[in-house]
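Visitor: Okay, handing you the structure first.
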Amino acid sequence: MKPYHYTIDQLYRDWRYAVEKDFVTADGTPFPYALGGHLQWGNEDRKLSLSGKPRDACLSGDGKRAAIVVDTRIQVIDTETWETIIILKGHTRSVDGLAFRPNDSNILVSSEGTDADLISRDAEPTIIVWDIDRAKKAPCLEESDLHVISKAATAVAASKLEELGLELKVPGQAELEAALASEIDRVMAKQGISDNTRICGRLHIGHQPEIFNPSGTQMVYSPGYAPESDEAGSWDVVVCSTDDFKPVLTLKDHTDDIKWAGWSPDETLLATVSFDKSIRIWDAVQGHQIHYFETDHDNWAGAFSPDSQHFVATDGHGIIRVYALHTEETLYWEFQAEGPKMWRPSVAWHPNGKLVAIGGKRDAEILLLDIAKKEVVQRRLLSGRDSKIDGEAHPMIPGRFLGVNEIKFVDGGNKLVVWVSGDGSIEVFDLSKEVKWRFARGGTEDGPEAEKWRDENGKVTSEAGSGMLVLEREGKLTLASVDFDGVRLWSVPLTDRRLGALSKGMA
């Protein structure tokens with residue numbers, strides 16, 4: 001079987017978790033699981049049911065609110081109670097990106113049509129700015145209201161048709177009632193955002209983008225429709241003020257898709273990482289270009305160091321580059337790990353600025369790099385050897401679908417949290433205590449709960465979701481896995497600060 005004949009849906013059914021290479025302790029043995037740290041669906045602390053399949057999610061800067069996308073709607077949740085605050089309606093197509101303004105859990109931005117068809121131009125890409133407290137005060141159209149209104153309208157329509165000698169039969173009445181409810185809901189939702197700020201543009205989605213600067217005073221987006229990739233066109237970047245969301249800077253010269261954009265922690269610099277084989281560092285105040293780094297391949301992700309002195313970026317062939325932004329020799333380190341060439345979509349700096357974690361798009365590779373010593377500290381790879389693949393497909397095939405889409409240091413840098421697409425699970429590595437946790441998608445590992453997620457042929461019936469949320473509060477990490485059938489909550493204890501933080505002692 002050729003690799004391109006194998007699909008992600010097949011992987012969901014076939015995948016069984018297995019490790020090829022793991023993080024190792026000081027004595028060279030693989031990280032063991034923490035006590036109670038090896039769980040799968042059915043063992044979660046709590047499961048939140050939603051009105052549909054969640055597609056994306058984000059957390060406010062203070063951790064008090066979560067926003068979860070369900071098709072065209074956004075469900076805003078209070079993370080103290082995990083109860084719904086409000087459902088935001090107004091998008092007419094699936095929401096493809098969203099973020100809370102830092103330091104303000106009341107302001108949320110969301111986008112639709114990021115991949116809008118440039119040729120048909122049936123509807124322009126749109127960014128909507130939401131004031132959640134204001135939305136809570138507005139009249140709300142409930143499902144029960146829609147049912148009453150559409151039923152009454154259908155009865156009137158049936159009566160008028162009867163006067164014309166036409167009978168609207170029961171199946172037709174049900175069909176009309178459903179259509180009317182949907183259309184009334186759409187029209188009223190559109191009307192409900194008439195006073196919202198709306199921008200014709202696209203949020204940068206995927207690869208852990210930084211849509212706002214750290215203080216929340218500015219936002220970055222791409223204006224209008226996306227040009228055709230690899231064709232001459234305007235791939236501009238706009239920086240706007242969040243006071244009125246009016247543009248203050250337009251950054252030009254990119255000639256292909258911008259995969260990542262974000263600010264330095266001190267807010268003096270803004271970086272753009274592009275498919276046009278360039279990485280550009282801009283003056284975030286004046287808008288002029290400070291550095292132009294040309295690469296051999298398309299580029300995927302990036303991140304500034306905590307002290308704003310370095311920038312790390314990854315390209316489509318798996319090359320990792322670290323740039324020293326304030327020295328004469330800017331290319332500080334160029335590194336490519338052994339093994340298959342892969343693009344790496346996620347990057348995170350340790351709070352101490354000495355370590356970088358990189359997530360790969362193949363075999364769920366995790367690299368932990370020591371920037372000062374220019375060496376690999378840890379490497380993790382998954383294996384397809386235990387997967388239940390039909391036919392003669394090579395066991396390496398599943399690895400092509402296993403990507404670390406999200407990676408994040410938490411708990412003062414003591415822990416590294418990752419979410420793996422394909423596998424659809426959250427993993428936590430405690431770098432201080434040298435133990436790990438895994439919260440596995442149902443059916444991907446053997447155990448008492450596995451059979452709930454396997455059919456009569458042993459195939460897994462669950463699907464991977466879309467990511468995770470990580471919340472630090474009250475002495476524990478709360479991990480929310482955004483799964484295909486809802487949101488599951490898991491918990492991991494935080495490090496006892498009396499023992500000393502890893503970020504202070506790690507070389």
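Read in the UniProt record's numbering, the sequence shown has 311 at position 311, and its numbers run on one by one without any break. Glycine included, C-beta positions come from ideal geometry on N, C-alpha and C. Given the structure is predicted, the values throughout are model-derived calculations rather than measurements.
Exposed or buried, what is Asn405 when buried is set at 16 or more other beta-carbons lying within 10 Å of its beta-carbon?
Guide: The residue labelled residue 405 in the question sits at position 405 within the sequence shown. Counting Cβ neighbours within 10 Å, Asn405 comes out buried, since at least 16 surround it.
Visitor: If we count Cβ pairs, one from each stretch, closer than 8 Å, do we get three or more for the stretch 15-28 versus the stretch 466-477?
Guide: With the cut-off at 8 Å, the stretch 15-28 and the stretch 466-477 do not touch.
Visitor: Using DSSP bridges, identify the partner residues of Val70.
Guide: Here the question's residue 70 lines up with position 70 in the sequence shown. DSSP output for Val70 lists Pro54 and Arg73 as bridge partner(s).
Visitor: Would you kindly check if the distance between the Cβ of Val418 and the Cβ of Phe429 is under 9 Å?
Guide: Residue 429 sits at position 429 when you count from the first residue of the sequence shown. Residue 418 sits at position 418 when you count from the first residue of the sequence shown. Contact: yes.
Visitor: Based on DSSP bridge pairs, tell me the residues matched to Leu88.
Guide: Walking along the sequence shown from the start, residue 88 turns up at place 88. Looking at the DSSP assignment, Leu88 forms a beta bridge with Ile74.
Visitor: Would Thr272 and Ile199 qualify as a contact pair, given that the criterion is a beta-carbon distance under 9 Å?
Guide: Taking the first residue of the sequence shown as position 1, residue 272 is located at position 272. Taking the first residue of the sequence shown as position 1, residue 199 is located at position 199. Not a contact, by the Cβ cut-off of 9 Å.
Visitor: Use the C-beta contact count for Gly458: other C-beta atoms within 10 angstroms, 16 or more gives buried, fewer gives exposed.
Guide: Here the question's residue 458 lines up with position 458 in the sequence shown. That one is exposed.
Visitor: With a cut-off of 8 Å, do at least 3 Cβ pairs link the stretch 104-115 to the stretch 165-185?
Guide: The stretch 104-115, when compared against the stretch 165-185, does not touch it at the 8 Å Cβ threshold.
Visitor: Starting from the Cα of Gly412, find the closest Cα among Met396, Ser278, Leu471 and Glu427 and give me that residue.
Guide: If you number the sequence shown from 1, residue 412 lands on position 412. It is Leu471 whose Cα lies nearest to the Cα of Gly412.
Visitor: My parser needs the beta strand (DSSP E) runs of 3 or more residues fully inside the stretch 209-236; what are they?
Guide: If we require 3 residues or more, the beta strand (DSSP E) runs fully inside the stretch 209-236 come out as 218-223.
Visitor: Roughly how many whole angstroms lie between the Cα atoms of Leu176 and Gly165?
Guide: One-based indexing of the sequence shown puts residue 176 at position 176. One-based indexing of the sequence shown puts residue 165 at position 165. Whole-angstrom Cα-Cα distance: 18 Å.
Visitor: Are the beta-carbon atoms belonging to Leu331 and Gln309 less than 9 Å from one another?
Guide: Looking up residue 331 in the sequence shown gives position 331. Looking up residue 309 in the sequence shown gives position 309. Cβ atoms of Leu331 and Gln309: not closer than 9 Å.
Visitor: So Asp9 is in the alpha helix (DSSP H); what residue range does that whole segment cover?
Guide: Stepping through the sequence shown from its first residue, residue 9 is reached at position 9. Here the alpha helix (DSSP H) through Asp9 covers Ile8 to Asp14.
Visitor: Expressed to the nearest angstrom, what Euclidean distance is found between the alpha-carbon atoms of Lys388 and Asp423?
Guide: Numbered from its first residue, the sequence shown carries residue 388 at position 388. Numbered from its first residue, the sequence shown carries residue 423 at position 423. Rounded to the nearest angstrom, the two C-alpha atoms are 14 Å apart.
Visitor: Measuring alpha carbon to alpha carbon, tell me which of Ala153, Gly287, Ile371 and Phe100 ends up nearest Asp131.
Guide: Reading the sequence shown from its first residue, position 131 is the one you call residue 131. The residue with the shortest Cα to Cα distance from Asp131 is Phe100.
Visitor: So Gly46 packs on Leu489, CB below 8 Å; how close in whole Å?
Guide: Within the sequence shown, residue 46 is the residue found at index 46, counting from 1. Within the sequence shown, residue 489 is the residue found at index 489, counting from 1. The question names Gly, but residue 46 in the sequence shown is Arg. With a Cβ gap of about 4 Å, Arg46 and Leu489 count as contacting.
Visitor: Just checking: is the beta-carbon of Glu365 within a distance shorter than 9 Å of some beta-carbon in chain B?
Guide: The chain inventory of the structure shown lacks chain B, comprising one protein chain alone.
Visitor: Using the three-state DSSP reduction, which class does Ala440 fall into: helix, strand or coil?
Guide: As a working mapping, residue 440 is identified with position 440 in the sequence shown. Three-state result, Ala440: strand.
Visitor: If you reduce the DSSP assignment to three classes, tell me which class Ile119 lands in.
Guide: The residue given as residue 119 occupies position 119 in the sequence shown. Only weak support exists for where Ile119 lies, its pLDDT of 48 falling under 50; the value from the coordinates is given anyway. Looking at Ile119 - three-state DSSP - the assignment turns out to be coil, as it is neither helix nor strand.
Visitor: Can you give me the C-alpha to C-alpha distance between Leu43 and Arg344, rounded to a whole angstrom?
Guide: What you label residue 43 is simply residue 43 of the sequence shown in a count that begins at 1. What you label residue 344 is simply residue 344 of the sequence shown in a count that begins at 1. The displayed chain sequence assigns Asn, not Leu, to residue 43. Whole-angstrom Cα-Cα distance: 31 Å.
Visitor: Tell me the rounded alpha-carbon separation between Arg134 and Met219.
Guide: Taking the sequence shown and counting its residues from 1, the one referred to as residue 134 is at position 134. Taking the sequence shown and counting its residues from 1, the one referred to as residue 219 is at position 219. C-alpha separation (whole angstroms): 21 Å.
Visitor: When burial is assigned at 16 or more other CB atoms within 10 Å of the CB, is Val148 buried or exposed?
Guide: Here the question's residue 148 lines up with position 148 in the sequence shown. Val148 should be labelled exposed.
Visitor: For the beta strand (DSSP E) containing Ala26, list its first residue and its last residue.
Guide: Counted from its first residue, the sequence shown places residue 26 at position 26. Where Ala26 is concerned, there is no enclosing beta strand (DSSP E), given that its DSSP letter is neither H nor E.
Visitor: Which residues does DSSP pair with Glu112 in a beta bridge?
Guide: Against the sequence shown, residue 112 aligns to sequence position 112. According to DSSP, which records beta bridges pairwise, Glu112 is partnered with Val95 and Thr126.
Visitor: Could you tell me which residues DSSP puts in a beta bridge with Ile366?
Guide: The sequence position of residue 366 within the sequence shown is 366, counting from 1. For Ile366, which the question treats as bridged, DSSP gives the partners Gly359 and Arg380.
Visitor: By Cβ distance below 7 Å, which residues in the same chain neighbour Val322 in space, the five residues on each side in sequence not counted?
Guide: Within the sequence shown, residue 322 is the residue found at index 322, counting from 1. The residues are His310, Val312, Tyr332, Trp333 and Ile371.
Visitor: May I ask you to list the residues that DSSP assigns as paired with Gln40?
Guide: Along the sequence shown, read from residue 1 onward, the residue named residue 40 stands at position 40. According to DSSP, Gln40 bridges with Ala440.
Visitor: Take the Cβ of Gln191 as the centre, count every other Cβ of all protein chains shown within 10 Å, and call the residue buried at 16 or more, exposed below.
Guide: Along the sequence shown, one-based indexing puts residue 191 at 191. So Gln191 counts as exposed.
Visitor: How is the alpha helix (DSSP H) around Glu177 delimited, first residue to last?
Guide: As a working mapping, residue 177 is identified with position 177 in the sequence shown. Segment Val170 to Gly192, the alpha helix (DSSP H) holding Glu177.
Visitor: So Leu249 and Asp236 are in contact, right, with Cβ under 8 Å, and what is the actual spacing, rounded?
Guide: Position 249 of the sequence shown, counted from the start, is the residue given in the question as residue 249. Position 236 of the sequence shown, counted from the start, is the residue given in the question as residue 236. Going by Cβ atoms, the distance from Leu249 to Asp236 rounds to 10 Å, so no, they are not a contact pair.
Visitor: Tell me whether the beta-carbon of Leu263 lies closer than 9 Å to the beta-carbon of Phe304.
Guide: Counted from its first residue, the sequence shown places residue 263 at position 263. Counted from its first residue, the sequence shown places residue 304 at position 304. Correcting the residue type first, residue 263 is Trp in the shown sequence and not Leu. In contact: Trp263 and Phe304 (Cβ atoms closer than 9 Å).
Visitor: Taking the alpha carbon of Phe484 as the reference point, which residue from Ala181, Trp300, Gly36 and Trp41 has its own alpha carbon closest?
Guide: Position 484 of the sequence shown, counting from 1, holds the residue named residue 484. The residue with the shortest Cα to Cα distance from Phe484 is Trp41.
Visitor: Measure how close the beta-carbons of Ser241 and Thr217 come, nearest whole angstrom, since I'm counting them as under 8 Å.
Guide: Stepping through the sequence shown from its first residue, residue 241 is reached at position 241. Stepping through the sequence shown from its first residue, residue 217 is reached at position 217. Going by Cβ atoms, the distance from Ser241 to Thr217 rounds to 7 Å, so yes, they are a contact pair.
Visitor: Please report the straight-line C-alpha distance between Ala174 and Leu161, rounded to a whole angstrom.
Guide: Here residue 174 is taken as the residue at index 174 of the sequence shown, counted from 1. Here residue 161 is taken as the residue at index 161 of the sequence shown, counted from 1. Spanning the two alpha carbons is a distance of roughly 15 Å.
Visitor: So who's on the other strand from Glu472, going by DSSP bridges?
Guide: The count along the sequence shown starts at 1 and reaches residue 472 at position 472. Partner(s): Leu477.
Visitor: Could you check which residue in Gly360, Val487, Trp437 and Leu369 has the C-alpha nearest to that of Pro30?
Guide: Looking up residue 30 in the sequence shown gives position 30. Checking every option, the nearest Cα to that of Pro30 belongs to Trp437.
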